[in-house]
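There are 2 protein chains.
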Amino acid sequence: MNKYSERRSRLRGLLKGEKGIAVFIGNVESAAQYRDNGYKWRQDSNWLYFFGIDEPRFAAIMDLESGVDTVYADDYDIDDIIWTGPMPTVASLAAGAGAQDSGTYSAFCTAVSAAVAAGRQVHWLPVSRWYNAVLLSSLLGVEPGQVFSQGKKGCPLASEPLVKAVIEMRLVKDDDEIALLDKAGELGYKMHTTARRGIRLGRIEQEIVGDMEGVTLAEGWGTSFATILTQHGEIFHCHSHDCPIEPGRLLLIDAGAESNDHYASDNTRTYPTGGRFTPRQRDIYQIVYECNELAFNMTRPGVAYRDCHLAAARHMLDRLGQLDLVKGDLDEMVADGIAGLFMPHGLGHNMGLDVHDMEDLGEDLVGYDPGQTRSSQLGLGSLRMARKLVPGNVITDEPGIYFIPALIEQWKRQGTDKGRVNYAKLEEYYDFGGIRLEDDVLVTASGARRLGSRRLPIAPDEVEQAMAEDN
Amino acid sequence: MNKYSERRSRLRGLLKGEKGIAVFIGNVESAAQYRDNGYKWRQDSNWLYFFGIDEPRFAAIMDLESGVDTVYADDYDIDDIIWTGPMPTVASLAAGAGAQDSGTYSAFCTAVSAAVAAGRQVHWLPVSRWYNAVLLSSLLGVEPGQVFSQGKKGCPLASEPLVKAVIEMRLVKDDDEIALLDKAGELGYKMHTTARRGIRLGRIEQEIVGDMEGVTLAEGWGTSFATILTQHGEIFHCHSHDCPIEPGRLLLIDAGAESNDHYASDNTRTYPTGGRFTPRQRDIYQIVYECNELAFNMTRPGVAYRDCHLAAARHMLDRLGQLDLVKGDLDEMVADGIAGLFMPHGLGHNMGLDVHDMEDLGEDLVGYDPGQTRSSQLGLGSLRMARKLVPGNVITDEPGIYFIPALIEQWKRQGTDKGRVNYAKLEEYYDFGGIRLEDDVLVTASGARRLGSRRLPIAPDEVEQAMAEDN
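If you read the sequences in order, they're chains U and S. One gets our numbering by counting positions in the first sequence from 1 and adding 7 to each. One gets our numbering by counting positions in the second sequence from 1 and adding 7 to each.
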C-alpha cells in the first residue's frame, strides 16, 4: 500500500459510519492574464495529500459505502502531446495513487450529479479556486459563493465530518512529511542567507527579493507565499519593494520556500540596514528575541499554543514596561489584550503543504480545539493556532513588535488601553517600523525542535556578526 | 488629460452611436492555495490600459450616453491599513485616472444591475478570471461559463463593438507603450544572457530557470509567461525542468520578462549544451535562423503577417528538401501545409501588456482582419497574427523546426503528407529535439525594428562565440 492509499484508508476509518461519497477536486490551471497564460501550476493541497497526482484537472470520488476510490481525468490527445509532451494514462496514474478505478472528467461530473439525484450524501471540502467553485456548485445545485472557502469560518455548507477528519490527519505530520518539511527548511535557510548577504545601502528592495526568490526557484517550486521584504515592518503584508535601502532602518524579511514536493518553510528575520543596531533598535529587538525563545522553550506536547501566545504577550508587556512604554498590572494588561497594540497578530500558525496549513478548511476548525473559543481581541483574535500541542504538529513561532501610528492614534482616541499606554513616549517610536522573528517548529515526543538543520542567526550579536562577515 | 482619459476618450469615439454603459472589471487576488495565500497580484490588462490603477478589486462604468466615467472600489479600513499599509482614497485614485466620479464596489454591482433592469445596453469584455465570471454573470443573469473567455473564439455573448474597439486601440502601440516595451526587452535580454551563461553540463535545468527568473524578479514584475527551458524543444510548452544538462543536446529557452509596468518581452534561443553545434544541429539551426531573418526582412506596413508565415514555411521546406527530408513542388507543399509537420505553430503573435496580446478578447478577432479566415491546417491554423501590418504593431518572429515522433508517426500512418516526406530519413531525427528562434518586432513607418537596444546572439557562429566567452 503506498502512502496515498494508506492515508485514504485512515480517512475511511475516521469517516466510519458516514454514508455516501466523498469528492476531491484537484485544481485546474489558474489564469494570470487569460486562460492559456496561467499562473504557475499549483495543485490543491488536500488533493496532493490524498492522491499525490501533480497534474491539472483531476478529480476523485471515494465511495464510503462500496469502498471504491475512483480517479477521474482525461487522457491526452495528439494536440496535448505536441504542446505539453506525453503524460502517463489516467488509468496508470490512478493505479499509482492506489485507486481501484478511473474514468473521464465528465464521468466525474455525471457520477456526482447521479449521487445528488439519488439523494446520497455528498461530502466535499471548502473550495478555494473559483473554477472549482463554479464546477462543484453546478453539480450540487447551489451558488458558487456557497461552496467557496471564506477564510476563518471555512464554508458552512461543506461536510463537517470530512473537514474534521482531514484536519485531524493533516495536523499531525508523518515521518515522510517531516523529512520534506526539513528539506523545505534547508531551502528557506539558503534563501534567507542570500537575502541577508544582499543587504547594502542604496540597493532597491526588489533586487534583494529577486535574488532570494531566484534561489527558491532554482531548487524548489518557488515561494510559499508572497515575500514580505520591507523597511516598513509595521505593515504586515507590505508587498511593495520599490524603496532603496536606507541607513539606520530595520529591514524585515518574511519569506518562505515551497519545495518541489510542495512543503513550505516560513521564516522572518529583521536586520539593521547598516549592519549594526542602534541602541533603541537593539532594545526592542532583544524583547522580540526573548519572546521567540520563551515560546519555543514552552512548546511541548500537552501545552496549548494559546498559552505560549499569552506567555509571550506577558513577557513583552513586562519588558515594554521597563522601557516606560506601558504600565500597570501585568496579568490585567494581558487579560485586556494590551499586547495587541504592539503585536496585533497571533504567535503562529500550522504549517505543512500550505504555509497557513489548511486555511481553506476554516481557521477556527484547524487551529482551535473543541471548547476553545477564539478571542475577539486584537492580536489574540488573529491567533491561527491555539490548540493543545501533540507530537507531529508543525507551527511557526513568530512574535513581533510594531509601532503602527494609525493604530496607536486610534487607541489613544478611543481609550482602548484603559490608561496603560504612555502615548507621549510612544510618539518617539512612530518612525521605528517593526520587528518580527519567526522560526518553524516541530513538536516532538518530548518537546520541540526547529525545522531544517541550521537556524538562521537571530540573537542580536549573532546577526551583527553574520552581517559583518557577509561584507 | 492623462493617458488614461485620452484612451477612454478615443474609445468613446470608436463607440460613437452605441447606447448604454461599458463596464470594466479589474482583477481580484487569485488564490494559489486558499483565499489569503494568493498568486502574485496581476491586474487585468484591459483595466491597466484604460484606468491604470494597479490595485485589486476595482471596477468602472463608462456611461456612453452621459459621458461620465465612474471608478468603484472600497476604501481601506483600519484592519486593511494594519495588514497592507495605507492606500490613497478611491476618490483620489479615480481622479488620478481621470474619472469624473467614484463609488463603492457594491455601488458598482447595484449600478450594473440597475442598467440591466432598465433594459439599457451593457457592454462588457470576455472575462478570464473565474471570480469575475461569477460576479459578472450574476449581474447579467447568465451562467459564469457564458461570460468566460474561451480562447480562440473569445466569448460570443460579449459586446462585439466594445471588443473590436479595444482591439483596434491596443493593436497599435503608442509611443509610451513602445518605450515600455523596449524597457521590457532590455530586461528580457538580461534574463536570457544570465541563462546562457549558466549552461554547464550536469547542472539541473531548474537551476538555470531560477537564475534567470531571479533576474526578472529583481527588476521587473516577473516572467511574462511560464518559462520553457528544455532539452526537449520538440515539446512546445515543456515546463518540467528536472533534467541535468547533457552533452550533445540542444537547450531551448523560451522566456520573457514582464516589467514593473506590466509590458512583456518574449524571446527564444536554442543553444548547443556543450557550446558547439554538431553538424546536424547546425544544419537545422541555420534553416530556422534564415526563416527568422526572412520573416523580419519582409515585415513592414501593408504586408499581411500571414504571408510572412507562408514565406518562412516555403523557405523551410526548400531547405529541408536540400537535406532530403521532403520532396515535391514547393508551392504545392506550402499549400498542403507540409511545413506544419516541422513547425506545427504559427510564426508569431501580438505582444504588449499580454505576451499573447489580448488573447482573452478572442484570438480570431485580435489576429485576423475582416475577410481573413483562419486555416484549419496544422501550423498555419495556430497562427495568432495574420493581419496586414500597420505601424505600431508589435509582433513576435519565432520560426522553429521540431522533430516530434508521435506526430511524424501519425502523418505516416494517415498519409497526411501525400508522399512528400522521407520518413526513413526522418527517423534519424527522432532524438533531435527542436529549435526555435524568437525576436520581438515593432512595425515602424517604413519597416520594422527589434525591441530593446541589443539583439541576443542568434547566428550560429555568434552563439558559439558568446558561449565560448561565457566560460
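Ideal Cβ positions, reconstructed from N, Cα and C, are used throughout, including at glycine.
Run through chain S and tell me which residues come within less than 8 angstroms of residue i, C-beta to C-beta.
i, result
"U:Y11", "Correct list: empty, because the minimum Cβ distance to chain S is about 19 angstroms."
"U:E220", "E220, G221 and L224"
Buried or exposed: residue i, going by 16 or more other Cβ atoms within 10 Å of its Cβ?
i, result
"S:A342", "exposed"
"S:V149", "exposed"
"U:L317", "buried"
"U:L433", "buried"
"S:P254", "exposed"
"U:M219", "buried"
"S:D361", "buried"
"S:K23", "exposed"
"U:L332", "buried"
"S:G74", "exposed"
Within the 7 angstroms Cβ cut-off, does residue i reach chain U?
i, result
"S:G217", "yes"
"S:W418", "no"
"S:V141", "yes"
"S:A202", "no"
"S:D371", "no"
"S:S389", "no"
"S:E36", "no"
"S:A346", "no"
"S:E151", "Looking at the sequence provided, one finds Pro at residue 151 of chain S rather than Glu. Interface residue, yes."
"S:L414", "yes"
"S:D367", "yes"
Chain S beta carbons: is any one of them nearer than 7 angstroms to that of residue i?
i, result
"U:E212", "no"
"U:H244", "yes"
"U:Y138", "yes"
"U:D438", "no"
"U:G46", "Contrary to the premise, residue 46 of chain U reads as Tyr rather than Gly in this sequence. U:Y46 counts as touching chain S."
"U:S109", "no"
"U:S272", "no"
"U:V58", "Checking the sequence, you will find Phe at residue 58 of chain U rather than Val. U:F58 does not count as touching chain S."
Per DSSP, what kind of secondary structure is residue i in: helix, strand or coil?
i, result
"U:L390", "coil"
"U:A302", "helix"
"S:I211", "strand"
"U:N429", "coil"
"S:L477", "First, the residue type needs correcting, since residue 477 of chain S is Asp and not Leu in the sequence shown. S:D477: helix per DSSP, three-state reduction."
"U:R177", "helix"
"S:Q40", "strand"
"U:Y278", "strand"
"S:R283", "coil"
"S:I88", "helix"
"U:E226", "helix"
"U:N139", "helix"
"S:D2", "Coverage of chain S is limited to positions 8 through 478, which leaves residue 2 of chain S absent and any answer about it impossible."
"U:L55", "helix"
"U:K197", "helix"
"U:D447", "strand"
"U:D218", "helix"
If the cut is a Cβ gap below 8 angstroms, which residues of chain U does residue i touch?
i, result
"S:N351", "The amino acid at residue 351 of chain S is misidentified as Asn; the sequence shows Pro. Per Cβ cutoff of 8 angstroms: I89."
In chain order, what residues of the same chain lie with their CB nearer than 7 angstroms to the CB of residue i, ignoring the 5 residues before and after it?
i, result
"U:Y436", "F410"
"S:H322", "E297, C298 and L301"
"S:A118", "I68"
"S:G388", "R381 and S382"
"U:A425", "Note that residue 425 of chain U is Lys in the sequence shown, not Ala. Excluding sequence neighbours, U:K425 sits near D343."
"S:N53", "F31, L132 and V173"
Using a Cβ-Cβ cutoff of less than 6 angstroms, which residues in the same chain neighbour residue i once the five nearest sequence positions on both sides are dropped?
i, result
"U:A101", "V78 and S109"
"U:G335", "R427"
"U:G59", "Y11 and A104"
Against residue i, what residues of chain S qualify as contacts under a CB-to-CB distance less than 7 angstroms, listed in chain order?
i, result
"U:F65", "Ordered by position in chain S, no residue passes the 7 angstroms Cβ test against U:F65, which lies about 17 angstroms from the chain."
"U:D361", "Q40, Y41 and N44"
Which residues in the same chain have their Cβ closer than 8 angstroms to the Cβ of residue i, if we skip the five residues on either side of it in sequence?
i, result
"S:E471", "P279, G282, R283 and F284"
"S:P467", "F284, R289, Y292, Q293 and Y296"
List the residues of chain U whose Cβ lies closer than 9 angstroms to the Cβ of residue i, in chain order.
i, result
"S:R49", "A39, Q40 and Y46"
Determine the chain U residues that contact residue i at a beta-carbon separation under 7 angstroms, and present them in chain order.
i, result
"S:S156", "Y41 and R42"
Name the chain C residues that come within less than 8 angstroms of residue i, Cβ to Cβ?
i, result
"U:H239", "The chain inventory of the structure shown lacks chain C, comprising the protein chains U and S."
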